Each structure stands twice: as C-alpha cells, then as structure tokens.
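Numbers 4 to 119, taken from the working numbering, label the letters of the sequence shown in order. The next block holds one structure in the form of structure tokens; read it before the comments.
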Amino acid sequence: MDQLRQSVSTEIQSGRIGDPVFLRCFYQISKSNLLEDAVATVINLADSWITSQIEYTQTQQDDCQITTLLRFADGESALLCVNQLDQESMIDFHLIGSRGTIYYQARIPLEDADVK
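What follows is the structure, given as structure tokens:
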C-alpha cells in the first residue's frame, strides 16, 4: 500500500491532475482481515492525497461493510467503502482532481504496516 500511496502522491505533485477534490474508493478485503484496520488504511490514503484537514466524518457499519464519508475543510470529499468477501483483497478507486483523474484497480493485500 505504501507503493500505491507514493505513486499517487508523485502524480499529484507533478500537477497532472491538479488539486485533488474527490476520492471514491472501494476496498474489498478477505474475511481474515479486520474491517477497522482496512478503513484506517483508506482514511490514511485519503488524508495523504487531499491536503486540507478532515472536517467531518460520517460512518455506517454492518457485519461485513463499513462506509465512510469524509468532508475536508476546503470542500474536498471522499467516499470510502470497505467490505469483506471470500476472495483476495482488491482496491478500486478514482481520485478526481481539478484537471484530471487517476483510476486504479488492483489486487492488493492489507498489511499490518498499512495501519498508521
């Protein structure tokens, strides 16, 4: 996950997508992982790519899914959905900027080091 974080950060710093304004992220994890750890990981990703402070958080949870909406101080937002499935972990996201979009989809495991 650190490689993903760094790659996207490099693209943001290059100015290719402008300022990030919206992140939509779906993270499917295997049932052997904790939902809360995965949510912390994607919140950290959003917070590292969107530079203003998180101002508001709304979370809804059930047995196999957590959905979190983040609103940032400068008007940016993020919709983060993490769910547990009987399959290999996978992440799918769109990071929309003021001048472009990054789309990424891959099988990517949740590692203990990802939760910071």
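Ideal Cβ positions, reconstructed from N, Cα and C, are used throughout, including at glycine. Note that the structure is predicted; figures quoted are calculated from it, not measured.
Tell me whether residue i, by its Cβ, gets closer than 7 Å to a heavy atom of the ligand ATP.
i     : result
Phe25 : Ligands are entirely absent from the displayed structure, and the ligand ATP is therefore not among its contents.
DSSP beta-bridge partners for residue i?
i      : result
Met93  : Gln31 and Arg110
Gly100 : Pro23
Ala81  : Leu26 and Leu73
Thr62  : Thr71
Asn86  : Gln31 and Gln68
Ile105 : Leu98
When the Cα atoms are used, what is the spatial distance from residue i to residue j?
i      : j      : result
Val42  : Leu83  : 8 Å
Gln6   : Arg74  : 25 Å
Ser92  : Gly78  : 31 Å
Lys119 : Val45  : For Lys119, the predicted model reports a pLDDT of 44, less than 50, meaning its position is unreliable; a value from the coordinates is still stated below. Straight-line Cα distance between these residues: approximately 11 Å.
Asp89  : Ser101 : 37 Å
Ala109 : Gln31  : 11 Å
Gln9   : Leu48  : 10 Å
Ala116 : Trp52  : Per-residue confidence for Ala116 stands at a pLDDT of 40, beneath the threshold of 50, marking its modelled position as unreliable; the derived number appears in the next sentence. Each residue's alpha carbon lies about 18 Å from the other.
Ser33  : Gln87  : 5 Å
Gln63  : Asn36  : 18 Å
Gly18  : Ser55  : 17 Å
Val85  : Ile111 : 13 Å
Asp65  : Asp50  : 24 Å
Thr60  : Thr70  : 10 Å
Ser2   : Pro23  : Given that the chain is displayed from residue 4 to residue 119, the structure contains no residue 2 and the question cannot be resolved.
Just to confirm, is the Cβ distance from residue i to residue j under 8 Å?
i     : j      : result
Ile20 : Gly103 : yes
The segment 89–98 in contact with the segment 15–29 per 3-pair CB rule at 8 Å: yes
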